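What follows is a set of notes on a single structure, which appears directly below.
Number of protein chains: 4
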Amino acid sequence: MNSFGRHFRVTIFGESHGYGVGIVVDGCPPGIPLEEKDFEADLSRRKSGSKGTTPRKEPDLPQILSGVYNNHTTGAPLTILFANTNTRSRDYEALKHIPRPGHADFTASKKYGGFHDPRGGGHFSGRLTLAITAAGVIAKKIIVPIQIEATLQEAGGNLNISEAIDQAIEAKDSIGGVVQCRATGVPTSLGEPFFDSVESLTSHMMFSIPAIKGIEFGSGFQAASMKGSMNNDRIISITGKTATNHDGGINGGITNGNDIVFRVAVKPTPSISSPQETINIKTNQMERLIIDGRHDACIALRIPVVVEAGFAIVLADLLHLQK
Amino acid sequence: MNSFGRHFRVTIFGESHGYGVGIVVDGCPPGIPLEEKDFEADLSRRKSGSKGTTPRKEPDLPQILSGVYNNHTTGAPLTILFANTNTRSRDYEALKHIPRPGHADFTASKKYGGFHDPRGGGHFSGRLTLAITAAGVIAKKIIVPIQIEATLQEAGGNLNISEAIDQAIEAKDSIGGVVQCRATGVPTSLGEPFFDSVESLTSHMMFSIPAIKGIEFGSGFQAASMKGSMNNDRIISITGKTATNHDGGINGGITNGNDIVFRVAVKPTPSISSPQETINIKTNQMERLIIDGRHDACIALRIPVVVEAGFAIVLADLLHLQK
Amino acid sequence: MNSFGRHFRVTIFGESHGYGVGIVVDGCPPGIPLEEKDFEADLSRRKSGSKGTTPRKEPDLPQILSGVYNNHTTGAPLTILFANTNTRSRDYEALKHIPRPGHADFTASKKYGGFHDPRGGGHFSGRLTLAITAAGVIAKKIIVPIQIEATLQEAGGNLNISEAIDQAIEAKDSIGGVVQCRATGVPTSLGEPFFDSVESLTSHMMFSIPAIKGIEFGSGFQAASMKGSMNNDRIISITGKTATNHDGGINGGITNGNDIVFRVAVKPTPSISSPQETINIKTNQMERLIIDGRHDACIALRIPVVVEAGFAIVLADLLHLQK
Amino acid sequence: MNSFGRHFRVTIFGESHGYGVGIVVDGCPPGIPLEEKDFEADLSRRKSGSKGTTPRKEPDLPQILSGVYNNHTTGAPLTILFANTNTRSRDYEALKHIPRPGHADFTASKKYGGFHDPRGGGHFSGRLTLAITAAGVIAKKIIVPIQIEATLQEAGGNLNISEAIDQAIEAKDSIGGVVQCRATGVPTSLGEPFFDSVESLTSHMMFSIPAIKGIEFGSGFQAASMKGSMNNDRIISITGKTATNHDGGINGGITNGNDIVFRVAVKPTPSISSPQETINIKTNQMERLIIDGRHDACIALRIPVVVEAGFAIVLADLLHLQK
């Protein structure tokens, strides 16, 4: 459900157009310096406003409701809240029966019997990644000296990302992308057989991020077409260092001391400016749907910091287990 | 750790060359007909012995230790045990310091301080998928009318799988493969936001299966290079039926009533007949390693039924949550 | 840690003198009518101000931050926040080294290395039961037609509770009490062997409530001195109705259809007006401690509604499992 | 369900008259010496055969199925199995509709729709405490230098326990008892607010043991009639040592470094030799029930070692969390 982690455990809540979104972070060690301004750098990386992202601008100011005293974590649960401010009112009730293709409108409506908050995607909105990003800021402090860096490697199948975005905007369309994440300074022995492999926990988290539809570790899908003699990583040091890193730093689900490397596939935002067809689930008639408003031409631009945050949460939990 | 699932919960145990491998299945509803012979069909699909698989043959006879009375499940935990019979003795202690590339030898040794059972991979052996397969037989009975079918689509990058295996055997090498899994008859509304999406739970399970290094749902990595207008699945019926299925039957982490489709990447077995180099972690010297014995040239041949089983376990758990 | 429940899962946060206290309620079914005013009746039962309770008065206004739309639950996590308003500033840092006997001051200091929030007990304050009470209001709506009623049966060993309180106030002392809780309309079959018996889950929750030091079901400790022939409850109807109810409505950890009855022991509030001795953990000197401020002479007066709330949460979770 | 613990996690299975009973112990650290003979001492304390216990004698030989290699734990899950040998066949199907008062017959029948194994109580049998005792042997090795000792303090309300048992046998009746458990050498800081207090986890475990109907920590129910000035434990040392121990070594749910002390109430075995009345749930007729066979006049005699085991499991889990 809305919690993740065994020891460093986050619980997410909120809606896109409700009071706000937030997260409770349990299992955070005491004594970690923490202030509102510590969130700025990562939150700004997730922010919209630049080319290819929605012009909806939110101040995204985090408010620490609990778990911090004298600017240090106390060991009690931390709660970070982001109030919503820039929400446009419109007739969401009228749209409730006209599910947007590729969004969670239809599934949410079915699952919750029509009681879900439909405004801006409600609890399914990408805005909830704001809360993940905030929890990631805390997790990153815990996992030092591990460093995580995620980058957008291609968008719409194009390595020239700027060009790809220009084309998508011009076509009133959206594009997906591939984000690669690398962690350095990872100790050996993280991960637990049989069901809590590093890959299991990481993918569990990644597929919680809206729009992610694939993940691969190390050589991943390419490994499927390789021979064992090529794919095997030769161990060249008693620290576990390998000559290559086709296994992405993980053997038997456990970190081997090399960099962890994985890539996630981000699908194109389903919200596009061109008209689309869908069914009205009340009238059983096809409708021509125009999603006006503010869209991300390439949501993948805003995903890297969320991927980093999600992975930092996984590592903070695994480090706790390992101690 | 070694448990998976919230309601339909499996706990796995055992080693490749120890007493045996087994699984406890908790949360199984009472009244389901179950006998030892029900396991035969799926277990034989996982069996070795055919071209491209190891000649180690085990009778793989399941023994039901608990949870069944008068050939029906009782509602109490089911335990299925497979005794090991065909294990070859050899000097594993001598090999303990010479980790095989691509295997869990190094990570297990580090994590467990040298106390792990090294014989045939111990608890990290692919033999534990026998227990998953057995639990899957039970799960498949629970999820009716949902049907799951997984097939090997390509091996070593070759769609002609028989040819690919011949080449691998001749080269004394191993090859990976891609397994596609499809579930039909899936109801809407399975899956839980935010962290227990169908993709999250499924990938969590899949990455527990040794050798799996990638997963994608629907158009997956291909979606990353598609435009939204192409990737969006047009909804054409109030039951949620879509014209295409690029989202693999899942929106917002919740099933939309279409088939669930995903693909996993299986890496080539690290055990190959050709000599390899590795480090002796005791002497800090490079060693020339020859892994004699019995190998799978293409372990992916035996994976489809395990993927089915793992996915059936996930669905049995999700159906329980949904009720 | 700070979460309880498998399906109907609450996550608590906050401090006595920080921003506020709150709770996230996950797994609440959609479509349940809910407004801020629904909390009034139970919150007022927990309120202080009457004889024997602290004169610290808080408005205790709940704010719904998420999970409600159009005055109905949506199925997404509900967050209820109570801002603190009536907090007195004082020199808590000076008192940080002088642990009050019977409180969590010493253990919190040890566990969190001195980083805990010491003001008014911080995260260990009885004020967090406000959040439990709020979650209980929601749970009570879910478990209908089950009705729960808890009452204070004795205080300071005296059945005349008003008299007992007068005496305690006069003596500048505090007294404990025994609260009995009864649930009517309970269906059969709630509870799960082996480890999730109704008694296990209920006691787990009850001992989370500060000051509770004992629990017994049915005839409880009295049963230990009874004979089987007296203690056995004769079954007199095929619905499971029994002639007596020494087992408190539970056999083998599972509800048998009779009323569930349990009693909890509440210890006297450790905060008393008389001077006490304790150690200064910094100077290693004994100190004479006077806890001025506002105390409850009998905290047990305010506990019944908290016990009801906690038990309603347990039942909401069990009903979910049972479906 | 049938698992307990977050890190040191046990999963129990089996039936009284089926193949056997067993337990999987996950999260056990590697390198702990363990052999079958290590179980002897505790298992013999639980054994029947002496005055006041059932004459059914089982050899109770533990078989280690997994997780041990070269007589040391490996870090992989340990499985301990006890095969049943001394089971008497009788017409359990005929008795399936005649629930014994005070037993789980009625509730099991309702919950599992009649598919439960009724033989000797099936999965609800006290025989499953054999598995708990075995897991406790392992846990006790982990928690060193903590020592746990549980003793039967009174039986049938009589401090002269031998006399009480003689009287019960003569009366063809059964009696309950009170077991006190004390742990010495306990470090500070075990236990987690808000919901995983030491009392919460301990009581959760204790109420899983069949026949236990009450628990109190420190002065427990007596505290309810005490004044704060009497009940408060004066702290006399910077190590947390207190002059008295009314709080049973726990404040705010966290260990304070003093001995942990708790007492559990064991109800009299419902199986008695005298005739009883019950309802036939098939015919809706009252029946005169004579439970022949082998009974414990005082099951509480066999409970202390089970209480120790259960508490050792709790402490092993808490120590893991604390690290």
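Here the protein sequences line up with chains A, B, C and D, keeping their order.
Numbering-wise (our numbering), the first sequence opens with residue 1 and increments by one.
Numbering-wise (our numbering), the second sequence opens with residue 324 and increments by one.
Numbering-wise (our numbering), the third sequence opens with residue 647 and increments by one.
Numbering-wise (our numbering), the fourth sequence opens with residue 970 and increments by one.
Note that CB positions come from ideal geometry on N, CA and C, so glycine has one too.
These numbers come from a predicted model, not from an experiment.
If you measure between the beta carbons of C:I937 and C:G772, is that distance less than 8 Å?
Numbered from 1 along the third sequence, position 291 holds the residue referred to as residue 937 of chain C. Numbered from 1 along the third sequence, position 126 holds the residue referred to as residue 772 of chain C. Going by C-beta atoms, C:I937 is not nearer than 8 Å to C:G772.
Tell me the DSSP secondary structure of C:L947 in three-state form.
Your numbering for residue 947 of chain C matches position 301 in the third sequence. C:L947 falls in the helix class under three-state DSSP.
Less than 7 Å between C-beta atoms, sequence neighbours within five positions excluded: which residues of the same chain meet that for D:T1157?
If you number the fourth sequence from 1, residue 1157 of chain D lands on position 188. Same-chain partners within the cutoff: G1209, T1224, N1225 and G1226.
Beta-carbon of B:I613 versus every beta-carbon of chain A: anything under 8 Å?
On the second sequence, residue 613 of chain B is found 290 positions in, with the first residue counted as 1. It does not: the Cβ of B:I613 has no partner Cβ on chain A nearer than 8 Å.
For the segment 812 to 824 of chain C and the segment 797 to 804 of chain C, state whether three or more C-beta atom pairs, one from each stretch, are separated by less than 8 Å.
With a cut-off of 8 Å, the segment 797 to 804 of chain C and the segment 812 to 824 of chain C count as touching, because enough Cβ pairs lie within range.
In the DSSP assignment, find the unbroken alpha helix (DSSP H) run with B:K653 in it and report its ends.
With chain B represented from 324 up to 646, any question about residue 653 of chain B goes unanswered, as that position is not in the structure.
From B:R368, B:T397, B:G436 and B:G444, pick the residue whose C-alpha is nearest to that of D:F1084; which is it?
In the fourth sequence, the residue the question calls residue 1084 of chain D occupies position 115. Closest option to D:F1084, Cα to Cα, is B:T397.
Could you tell me whether any Cβ in chain C is nearer than 8 Å to the Cβ of A:D26?
For the purposes of this step, residue 26 of chain A is taken as residue 26 along the first sequence, with counting starting at 1. For A:D26, the answer is yes, since a Cβ of chain C falls inside 8 Å of its Cβ.
Applying a beta-carbon distance threshold of less than 9 Å, which residues of chain D neighbour A:R6?
If you number the first sequence from 1, residue 6 of chain A lands on position 6. Chain D residues near A:R6: R975 and H976.
Considering Cα atoms alone, identify which of A:Y92, A:G67 and A:E163 is closest to A:G120.
One-based indexing of the first sequence puts residue 120 of chain A at position 120. A:G120 has its Cα closest to that of A:Y92, out of A:Y92, A:G67 and A:E163.
Once DSSP output is grouped into helix, strand and coil, what is the label at C:S875?
As a working mapping, residue 875 of chain C is identified with position 229 in the third sequence. If DSSP states are grouped into helix, strand and coil, C:S875 belongs with the helices.
Give me whichever residues DSSP pairs with A:N363 in a beta bridge.
This structure gives no information on residue 363 of chain A, because the portion of chain A shown stretches from 1 to 323.
In chain D, what lies closer than 7 Å to B:M324 by C-beta?
The residue you call residue 324 of chain B lines up with position 1 of the second sequence. In chain order: R978, D995 and G996.
What residues in its chain sit with their C-beta under 8 Å from that of D:M1195, if we drop five residues either side in the sequence?
In the fourth sequence, counting from the first residue as 1, residue 1195 of chain D sits at position 226. Result list for D:M1195: S1188 and H1215, in chain order.
Below 8 Å, can you find three or more Cβ-Cβ pairs linking the segment 514 to 528 of chain B to the segment 261 to 272 of chain A?
Result no; under three Cβ-Cβ pairs closer than 8 Å.
Can you list, in chain order, the residues of its chain with a C-beta nearer than 8 Å to that of D:L1170? Leave out the 5 residues immediately preceding and following it.
The sequence position of residue 1170 of chain D within the fourth sequence is 201, counting from 1. Answer for D:L1170: G1160, V1283, D1286 and L1287, listed in chain order.
According to a CB-to-CB cut-off of less than 7 Å, which residues of the segment 830 to 842 of chain C neighbour chain D?
Residues T834, S835, E838, P839, F840, F841 and D842.
Against chain D, with Cβ distances strictly below 8 Å, would C:A796 count as a contact?
Along the third sequence, read from residue 1 onward, the residue named residue 796 of chain C stands at position 150. Not one chain D Cβ lies under 8 Å of C:A796.
Take A:G20 and list the residues in its own chain whose beta-carbon comes closer than 8 Å to its own, dropping the five residues that flank it on each side.
On the first sequence, residue 20 of chain A is found 20 positions in, with the first residue counted as 1. Excluding sequence neighbours, A:G20 sits near G14, L81, F82, A83 and N84.
Since I believe D:I1248 is in contact with C:I884 (beta carbons under 8 Å), could you give me their beta-carbon distance rounded to a whole number of angstroms?
Taking the third sequence and counting its residues from 1, one reaches residue 884 of chain C at position 238. Taking the fourth sequence and counting its residues from 1, one reaches residue 1248 of chain D at position 279. Contact holds; Cβ gap of about 6 Å.
Return the CA-CA distance between C:S854 and C:E862, expressed in angstroms with no decimal places.
Taking the first residue of the third sequence as position 1, residue 854 of chain C is located at position 208. Taking the first residue of the third sequence as position 1, residue 862 of chain C is located at position 216. In a straight line, the C-alpha of C:S854 is about 15 Å away from that of C:E862.
Just the Cα atoms here: how many angstroms apart are D:E1246 and C:R828?
For the purposes of this step, residue 1246 of chain D is identified with residue 277 of the fourth sequence, where counting begins at 1. For the purposes of this step, residue 828 of chain C is identified with residue 182 of the third sequence, where counting begins at 1. Their Cα atoms are separated by approximately 27 Å.
Can you round the beta-carbon distance between B:G508 and B:Q545 to whole angstroms, since I take them to be within the 8 Å contact cut?
Looking up residue 508 of chain B in the second sequence gives position 185. Looking up residue 545 of chain B in the second sequence gives position 222. Not a contact, Cβ separation roughly 25 Å.
Give the straight-line distance between the Cα atoms of C:A814 and C:K697, rounded to the nearest whole angstrom.
The residue you call residue 814 of chain C lines up with position 168 of the third sequence. The residue you call residue 697 of chain C lines up with position 51 of the third sequence. Each residue's alpha carbon lies about 11 Å from the other.
Since I believe D:A1193 is in contact with D:T1238 (beta carbons under 8 Å), could you give me their beta-carbon distance rounded to a whole number of angstroms?
One-based indexing of the fourth sequence puts residue 1238 of chain D at position 269. One-based indexing of the fourth sequence puts residue 1193 of chain D at position 224. That belief does not hold up - the Cβ atoms of D:T1238 and D:A1193 are roughly 29 Å apart, past 8 Å.
Chain D partners of C:F770, CB-CB under 7 Å?
The residue labelled residue 770 of chain C in the question sits at position 124 within the third sequence. Simply P1162 and G1221.
If you count every other CB in all the chains shown that lies within 10 Å of the CB of C:K756, and 16 or more means buried, which is it?
Residue 756 of chain C sits at position 110 when you count from the first residue of the third sequence. It counts as buried.
Using a C-beta cutoff of 8 Å, does C:T725 count as contacting chain A?
As a working note, residue 725 of chain C is residue 79 in the third sequence. Yes, C:T725 counts as interfacial toward chain A.
CA-CA distance, A:H123 and A:S16?
For the purposes of this step, residue 123 of chain A is identified with residue 123 of the first sequence, where counting begins at 1. For the purposes of this step, residue 16 of chain A is identified with residue 16 of the first sequence, where counting begins at 1. Cα-Cα distance, rounded: 7 Å.
So, does the CB of D:D1086 fall closer than 8 Å to a CB anywhere in chain B?
In the fourth sequence, the residue the question calls residue 1086 of chain D occupies position 117. Answer yes: the Cβ-Cβ gap between D:D1086 and chain B drops below 8 Å somewhere.
Which residues, in chain order, does the segment 426 to 437 of chain B contribute to contact with chain A at a C-beta distance below 7 Å?
Flagged, chain order: H426, A427, F429, T430, A431, K433 and K434.
For A:E15, go through chain C and note every residue whose CB falls closer than 9 Å to its CB, in chain order.
For the purposes of this step, residue 15 of chain A is identified with residue 15 of the first sequence, where counting begins at 1. The answer, in chain order, is S712, G713, Y715, T720 and A722.
Straight-line CA distance for C:R692 to C:V783?
Here residue 692 of chain C is taken as the residue at index 46 of the third sequence, counted from 1. Here residue 783 of chain C is taken as the residue at index 137 of the third sequence, counted from 1. Spanning the two alpha carbons is a distance of roughly 12 Å.
Please state whether DSSP places A:E287 in a helix, a strand or coil.
Against the first sequence, residue 287 of chain A aligns to sequence position 287. A:E287 falls in the strand class under three-state DSSP.
Let me make sure I understand the geometry here. Which of B:V630, B:Q645, B:L644 and B:H643 has the alpha-carbon closest to that of B:L453?
If you number the second sequence from 1, residue 453 of chain B lands on position 130. The shortest Cα separation from B:L453 among B:V630, B:Q645, B:L644 and B:H643 belongs to B:V630.
Between the C-alpha atoms of A:E58 and C:G759, what's the straight-line distance to the nearest angstrom?
Here residue 58 of chain A refers to the residue found at position 58 when the first sequence is read from its first residue. Here residue 759 of chain C refers to the residue found at position 113 when the third sequence is read from its first residue. Those two C-alpha atoms are separated by around 38 Å.
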